[in-house]
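Asks:
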Amino acid sequence: MDQTTTVTKIDPQHLQRPSVPRRIAEARLIRAARAGSPDASEEIVRRYWTEAERTAVLIVRDQHAAEDIAQEALLTLLESLGRFDERRRLGPWLNRIVVNRAIDWTRKHTGPVDQPSDRNATAPAHSITDPELLDALHRLALPDRVAIVMRVVLSYRAVEIAELLGEPAGTTRSRIHRALQQLRTDLSDQEETKHP
Amino acid sequence: MNDSPEERLSAVDLREPSAIARSRAIEAVRAQAKSGVSAKRSTPRFGAIALAVGCLLALTPPGISVARSVGGLVGIGDEPSDPIDLGGGPSDQAVIGVGETPGGVPYELATSDGRGSDARQTCFYLSLPTLDERSRSASCLTAEALRGLRETSIGSLYPERAPAGLGPDADIVLTGAATENVTRVLIEYPTADGLSSRELDLAPFQAESQSATGAEGGEPAADHLKAFAAFLPFHLDPAVAGDSLAMREAAIGYQQQLHEISLRAYDEDGNLIAEISPGDTQGGGTSLALAVG
């Protein structure tokens, strides 16, 4: 199969965009937070905390680091609201901040980014529903893991992921294709070990 | 479990979000909102514009001289006033941007072929022609550094003590590079009056590298990048010089300040694509020797 036409199967429900009323509500929320409303800032944290923490956990695997990254990302987002175009959605912007911080954290704590993570270097997250998947993700090199999480979990387009990774979109598509294959093999091997 | 990885990834979630961490975050953002930090941090953009007027880093393509705007400076594309000798034979130096420090001292950003090692690389550095000075080190973009930069969009940050004579608010000079998709870089840094921020001017250049070890497949790589320089204040009591304990404390203060500096890179759509602190990078390990001279 041509790598550039690789189709990533995504839960259709996951692709659902917020309804128009919710977008309007979000714009009001942004304006209120920008005006300094603590209630609006709190609502933004409540609304986006889970997604930020999950994204961070999937990339860094370390529970405490993920919580710190989620908090820092939300604080950064709220500090930067003055520059945010309220016609856009907060979620993707926040996730980019989370991903960038998670990349920084991983580079700082687990060695070269093009090598699979040192599993012993971090305290594994306890909050994720599929720990085997998390382990398998962390046997991928960081750019592969980031690409997979952004594409499959967060539904970013390959071109957006490529921009963040600083590489051509074709390279990112190949990366996603290759990493999914590796993940498939790894998970399958685990299944066979468990149920020979 | 026989679901595909895609299905498992789509379904993966938190059993339960960390309630304690979320509460802590809520407390933090409420405190931030009450202190008006977000409003305060967005206003320095106007200050950044004013500073940018004094900071004339030209975006003119190589070969076109903008020297007349800064008096005796050489033009973009010309040889810098005080080229760094990187060893290993002849190398080409060229000015990619010119500007002025906050105190009005002209500077040049220049690139140079680094042929001193067994690998080909492009280096960039700061030259101060009127002071007959240049930065103590050049940032050399090896194949490995370029790979890292592609990952982070902004990097190769080298903070060091600025040469004497640059005037107020130019105690530290920080040079760095960003990838081509970065169109704006905002720097936030501590001052005696709290955090301040400004937009940095970006000087485009092309970095070429070829790893002799084959790490890049032995093929030459060319990246279109942008270099920048920032001059920042750092207040150090001259009395600490010679007092080892005070110097150690000053070193800690210097490292802390590096951690408080952050650079944010935005793409042309205004999306934040990278955020980095010189305190978090290896370049942040600049020693006190650079801080106190």
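Protein sequence lines correspond, in order, to chains A and B. 128 is the number of the first residue of the first sequence in this note's numbering; add one for each residue after it. 10 is the number of the first residue of the second sequence in this note's numbering; add one for each residue after it. Don't be surprised by glycine CBs; every beta carbon is placed ideally from N, CA and C.
Can a CB atom of chain A be found closer than 8 Å to the CB of residue 270 (chain B)?
Replies: No, its Cβ sits nowhere closer than 8 Å to a Cβ of chain A.
Asks: Tell me whether residue 282 (chain B) sits in a helix, a strand or coil according to DSSP, three-state version.
Replies: In this structure, residue 282 (chain B) counts as strand in the three-state DSSP scheme.
Asks: Let me check understanding here. Comparing Cα to Cα, which of B:284, B:281, B:289 lies closest to residue 268 (chain B)?
Replies: The residue with the shortest Cα to Cα distance from residue 268 (chain B) is B:289.
Asks: Between B:153, B:118, B:199, B:111, which has its C-alpha nearest residue 130 (chain B)'s C-alpha?
Replies: For the residues B:153, B:118, B:199, B:111, the minimum Cα distance to residue 130 (chain B) belongs to B:153.
Asks: Could you give the first and the last residue of the continuous alpha helix (DSSP H) run that contains residue 161 (chain B)?
Replies: First-last of the alpha helix (DSSP H) with residue 161 (chain B): 152-161.
Asks: Cutting at 6 Å between CB atoms, please list the residues of its own chain near residue 306 (chain A), excluding the five before and the five after it.
Replies: Result list for residue 306 (chain A): 267, 271, 275, in chain order.
Asks: Would you report the Cα separation of residue 310 (chain A) and residue 263 (chain A), rounded to the nearest angstrom?
Replies: Each residue's alpha carbon lies about 6 Å from the other.
Asks: Thinking C-alpha only, which one of B:232, B:237, B:273 is nearest residue 151 (chain B)?
Replies: Of B:232, B:237, B:273, the residue nearest in Cα terms is B:232.
Asks: Determine whether the beta carbon atoms of residue 21 (chain B) and residue 260 (chain A) lie at a separation below 8 Å.
Replies: Closer than 8 Å, so yes.
Asks: Quick one: list the residues of chain A neighbouring residue 264 (chain B), beta-carbon separation under 7 Å, in chain order.
Replies: Chain A residues near residue 264 (chain B): none, gap ~15 Å exceeds 7 Å.
Asks: Hey, does residue 15 (chain B) have any beta-carbon neighbour from chain A nearer than 8 Å?
Replies: Residue 15 (chain B) counts as touching chain A.
Asks: Starting from residue 168 (chain B), follow its DSSP beta bridges and name the residues at the other end.
Replies: Paired residues: B:183.
Asks: Find the residues of chain A that neighbour residue 26 (chain B), judging by a C-beta separation of less than 7 Å, and give them in chain order.
Replies: Neighbours of residue 26 (chain B) on chain A, chain order: 176, 177, 180.
Asks: With 16 as the cutoff for other CB atoms within 10 Å, does residue 184 (chain A) come out buried or exposed?
Replies: Result: buried.
Asks: Could you list which residues in chain B have their beta carbon closer than 8 Å to that of residue 189 (chain A), in chain order?
Replies: None at all; the shortest Cβ gap to chain B is about 12 Å.
Asks: Please compile the residues from chain A whose C-beta is within a distance smaller than 9 Å of the C-beta of residue 38 (chain B).
Replies: Within chain A, the residues near residue 38 (chain B) are 160, 165, 168, 169, 171, 172, 198, 201, 202, 205.
Asks: If you measure from the beta carbon of residue 279 (chain B) to each beta carbon in chain A, is any gap under 8 Å?
Replies: So yes, residue 279 (chain B) belongs to the interface.
Asks: Check the Cβ-Cβ distances between residue 254 (chain A) and every residue of chain B, and say whether any is below 8 Å.
Replies: Yes - at least one Cβ of chain B is within 8 Å of the one on residue 254 (chain A).
Asks: Chain A partners of residue 188 (chain B), CB-CB under 8 Å?
Replies: Near residue 188 (chain B) (Cβ distances below 8 Å), the residues of chain A are 293.
Asks: Quick check: the Cα distance between residue 139 (chain B) and residue 236 (chain B), rounded to an integer number of angstroms?
Replies: If I take the Cα positions, the gap works out to 21 Å.
Asks: In terms of alpha-carbon separation, which member of A:187, A:173, A:164, A:289 lies closest to residue 235 (chain A)?
Replies: Nearest option by C-alpha distance: A:187.
Asks: Inspect the CB distances between the region 106-121 of chain B and the region 166-181 of chain B and report whether three or more fall short of 8 Å.
Replies: The region 106-121 of chain B is in contact with the region 166-181 of chain B.
Asks: Could you run through the region 152-180 of chain B and flag, in chain order, every residue whose CB is less than 8 Å away from some CB of chain A?
Replies: Answer in chain order: 156, 157, 158, 159, 160, 161, 162.
Asks: So which residues on chain B does residue 222 (chain A) lean against when the C-beta distance must stay under 7 Å?
Replies: The contacting residues do not exist; residue 222 (chain A) stays about 11 Å from chain B at best.
Asks: Please decide whether residue 323 (chain A) counts as near chain B, where near means a Cβ-Cβ distance under 8 Å.
Replies: Output row for residue 323 (chain A): interface = no.
Asks: Which residue or residues does DSSP assign as beta-bridge partners of residue 122 (chain B)?
Replies: Paired residues: B:131.
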